[in-house]
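K.L.:
Chains as they are written, first to last, in this note's numbering: chain A, 85 to 514; chain B, 85 to 514.
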Ligand SMILES: [Mn+2]
Ligand SMILES: [Mn+2]
Ligand SMILES: [Mn+2]
Ligand SMILES: [Mn+2]
């Protein structure tokens, strides 16, 4: 007989998730926040982010993993397999949190992955390919406007390495200064050394809350993702003459704030015109300068997010937004001083064999499952460029995410951890 | 013969403005700023505001005035008249500056008033009624959302004294803590002691840049104000469910940011519907929460300023804005969690006899003048409640104000100082 038992020889009863311990870790991690509970705010390279990173590294060490960090702070915890020379099987997610968000987004895929490792260890499983947990740096774009910063670099996207030369945060700190402040003395030339080859991983898996209402509504335990919608983000700036809110009469104005308001409504209109429920668009940032009640806005800044599972349809929306921005600027006599498509990523397809392994694992565990689209994007979108990729979704309360009310039950999380553990075991032996 | 010569016995040639010195003072004061030149930012009770206050007090002392400060930091510099028991003639303005504004708004009326005192002294003039220069605290609403804070208190407006119990700035500092930080150990009970009686001043005058383009366009040196437009300000907040910008599909959204965008455009529409060129409305503040590119706004906050020389017509605009806010909230399924009319002041009329004295002074000085409306409001709007009031405008470049490009030539400022000096002299002898 083989020294490596089939993953499916792991009986469901041998896979025991420590729900009390896992919930405690989720709660402890949530306490590293710049805003009061129940909200969580954990911004890249902030003091709280650095503390949270230490917490993750110590959990990795306690779980017996070999811990490594790369130049920008992606954290890797490896369980060496019997054939450590083979490409490893990796799983992970992020722990950064946008302002006033919740404690499950990303976190479930990092702490859950660590628990999956412990589950497999406790079951007596011995990996053939090494298993690795990854905590990605800055999945959220909050600080430098670049989402999935860590996974984009691992995926070898040169444009991100170049953009990091110039980006600054809201306080005019450079990326490199911010990294240094968090203990990462990274330089431009270190970034291309992070790029992964296609030989690094045989598979990448991510466990995540659905961030949508479908699984909860349909009473299904496990979502198995088949594709990730294609995201794009745009920065826009209008400039007018500003002036005193009392003294400048209406016909003499060119109000940059009203141009921004019009564009925000145009984004909604163009998205609705796509005719598909799968097209979404959001103006999450709209800032006015100088921002005083008695000053006509002389500058406005918008950041627009638009996504679709159909890349071409999404690109049509972007074109319409650009046409509207130009038309509004002309009609209002303001200057369209910036229209920058910051990123315009293609969608990613999940690997058929991984989808299949997840389906088999769900059945083996007697958990209901369904195939679905991920409308939110994830580090998996970029890991898919260097590795076969798959994602597991679990239900979350009302589909809420990116706000304090975000919630997933520990039972649902435990189900996800078991499917992840079983799939990791299977892929480790392949 | 009378011991007090007629003010008009002051020959134009005896009134000499020190233009070099006055320009230097304007430039020196502008250097107390939290943002780089040419912009000026000087916020109530900030470090720079405290330094600027010391500068004003030392100039007052150098000019031989007796200096006094009240509980909130209104600064008074008095030249005692021969009949010091009579109600004094006062003149003044403010030196606080909204973010990224210019160096003439308010400043011309404080440094110009001081120069008018020096001009009169140099001419050998002896006041009968005392003459007083006032520097008002916080004409601009930047820090606590209350405009003309100092003059409203002097005017005995109880609502302001009450509001100060509760207001906080953007960093959650109370008014009283902020004042204490600037050296003003003021308590609630001190505020009503500041209220002036109608016997305090026989007249109040304010010299100010026009903040509009008319004098420059028409080549007129002096504007004599007949009335100040009636300002109102409104705070609005919308609340929705927020959520993830990728995961929440369009029909499931109630976006508080789009509600704000709609209301901003509705404000413009309702103002235009008034049919009068004199109606203006501005959304100078529009803030989204949480303010992340991948989060649907769950809260939005707007501050709206609307003004008219016709109070009733302005109040009609406010009613329409409120109706729109209610309609938008309903249509978008968001909550209108705040609609607060922060202030809704009546217009003020300037005193006929003061207007007349200013006209005579302009003619005497051989300066062209015109009667006009003040569309911006000023501390004069509130001083008018406790004293006969008049305002002198001087031309400014393109009507610009509340931005770094704000500019008035020293020659135009000197003309305003002379008209002010002659009018003060006349009213002092009345
Ligand atoms: Mn997220
Ligand atoms: Mn996430
Ligand atoms: Mn002003
Ligand atoms: Mn002013």
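Note that CB positions come from ideal geometry on N, CA and C, so glycine has one too.
Ignoring anything shorter than 4 residues, give me the alpha helix (DSSP H) runs that lie fully in the stretch 321-367 of chain A, in order along the chain.
P.N.:
340-357
K.L.:
Could you tell me which chain C residues have their CB closer than 7 Å to the CB of residue 192/B, listed as they occur along the chain?
P.N.:
In the structure shown, chain C does not exist; the protein chains are A and B.
K.L.:
Using three-state DSSP, classify residue 468/A as helix, strand or coil.
P.N.:
coil
K.L.:
How about residue 189/A: is its Cβ closer than 8 Å to a heavy atom in ligand 2?
P.N.:
yes
K.L.:
Give the C-beta separation of residue 516/B and residue 363/B to the nearest angstrom, bearing in mind that I take them to be a contact with Cβ-Cβ under 8 Å.
P.N.:
In the structure displayed, chain B extends from 85 to 514; residue 516/B sits before or after that span and is not available.
K.L.:
In terms of residue numbering, what span does the alpha helix (DSSP H) encompassing residue 295/B cover?
P.N.:
Where residue 295/B is concerned, there is no enclosing alpha helix (DSSP H), given that its DSSP letter is neither H nor E.
K.L.:
Who does residue 276/A pair with in a DSSP beta bridge?
P.N.:
In DSSP, residue 276/A forms no bridge with anything.
K.L.:
Take every Cβ of the stretch 405-421 of chain B, pair it with every Cβ of the stretch 326-346 of chain B, and state whether three or more of those distances are shorter than 8 Å.
P.N.:
With contact defined as three or more Cβ pairs closer than 8 Å, the stretch 405-421 of chain B and the stretch 326-346 of chain B are in contact.
K.L.:
Is residue 462/B close to ligand 2? I mean its beta-carbon at under 8 Å from any heavy atom of the ligand.
P.N.:
no
K.L.:
Assign residue 500/B to one of two classes, buried (16 or more other C-beta atoms within 10 Å of its C-beta) or exposed (fewer than that).
P.N.:
buried
K.L.:
Given a cut-off of 9 Å on the beta-carbon distance, is the pair residue 224/A and residue 163/A in contact?
P.N.:
no
K.L.:
What are the start and end residues of each continuous alpha helix (DSSP H) run of 4 or more residues lying completely inside the stretch 415-453 of chain A, in chain order?
P.N.:
436-448
K.L.:
For a contact meaning CB atoms closer than 7 Å, what does residue 374/A contact in chain B?
P.N.:
182, 183, 184
K.L.:
With 7 Å as the C-beta to C-beta threshold (strictly closer), list the residues of the stretch 298-316 of chain A near chain B in chain order.
P.N.:
313, 315
K.L.:
Alpha helix (DSSP H) containing residue 310/A: first to last residue?
P.N.:
Unbroken run through residue 310/A is the beta strand (DSSP E), 306-312; no alpha helix (DSSP H).
K.L.:
Mind pulling the chain B residues with CB within less than 7 Å of residue 496/A?
P.N.:
Those do not exist, as residue 496/A stays about 16 Å from chain B at its closest Cβ, beyond 7 Å.
K.L.:
Can you give me the C-alpha to C-alpha distance between residue 454/A and residue 436/A, rounded to a whole angstrom?
P.N.:
14 Å
K.L.:
Closer than 7 Å between beta carbons: that is the criterion. Which residues of the stretch 385-403 of chain B meet it against chain A?
P.N.:
387, 389, 391
K.L.:
Hey, is residue 256/A's beta-carbon within less than 9 Å of any beta-carbon in chain B?
P.N.:
no
K.L.:
On the DSSP letters alone, give me the boundaries of the beta strand (DSSP E) that residue 481/A sits inside.
P.N.:
Under the DSSP assignment, residue 481/A falls outside any beta strand (DSSP E); it carries neither an H nor an E label.
K.L.:
From what residue to what residue does the alpha helix (DSSP H) around residue 260/A run?
P.N.:
259-265
K.L.:
On the criterion of 16 or more Cβ atoms from any shown chain inside 10 Å, does residue 154/B qualify as buried, or is it exposed?
P.N.:
buried
K.L.:
Which of the three DSSP states is assigned to residue 498/A in this structure?
P.N.:
helix
K.L.:
How close, in whole Å, do the beta carbons of residue 461/B and residue 245/B come, if the pair is a contact with beta carbons under 8 Å?
P.N.:
Between residue 461/B and residue 245/B a beta carbon distance of about 20 Å is seen, past the 8 Å cut, so the two are scored as non-contacting.
K.L.:
Using DSSP with H/G/I as helix, E/B as strand and the rest coil, what is residue 474/B?
P.N.:
strand
K.L.:
Residues in its own chain within less than 7 Å of residue 485/A by CB, not counting five upstream and five downstream?
P.N.:
186, 189, 293, 295
K.L.:
Just to confirm the assignment, what range does the alpha helix (DSSP H) spanning residue 136/B have?
P.N.:
131-146
K.L.:
Does residue 461/A get closer than 9 Å to chain B when you measure Cβ to Cβ?
P.N.:
yes
K.L.:
What are the boundary residues of the alpha helix (DSSP H) that includes residue 242/A?
P.N.:
242-247
K.L.:
My guess is that residue 220/A and residue 277/A are in contact by the Cβ rule of under 8 Å, so how many angstroms apart are they, rounded?
P.N.:
With a Cβ gap of about 17 Å, residue 220/A and residue 277/A do not count as contacting.
K.L.:
Name the chain A residues that come within less than 9 Å of residue 474/B, Cβ to Cβ?
P.N.:
Those do not exist, as residue 474/B stays about 19 Å from chain A at its closest Cβ, beyond 9 Å.
K.L.:
In terms of residues, what are the limits of the beta strand (DSSP E) holding residue 181/B?
P.N.:
181-185
K.L.:
What does residue 326/A touch in chain B if you count any residue whose Cβ is under 8 Å from its own?
P.N.:
486, 487
K.L.:
Chain B partners of residue 370/A, CB-CB under 9 Å?
P.N.:
341, 344, 345, 370, 371, 372, 375, 381, 384
K.L.:
Could you tell me whether any non-hydrogen atom of ligand 1 is closer than 8 Å to the CB of residue 489/A?
P.N.:
Not under cutoff, so the answer is no.
K.L.:
Going by the DSSP bridge assignment, what does residue 175/A pair with across the sheet?
P.N.:
217/A, 289/A
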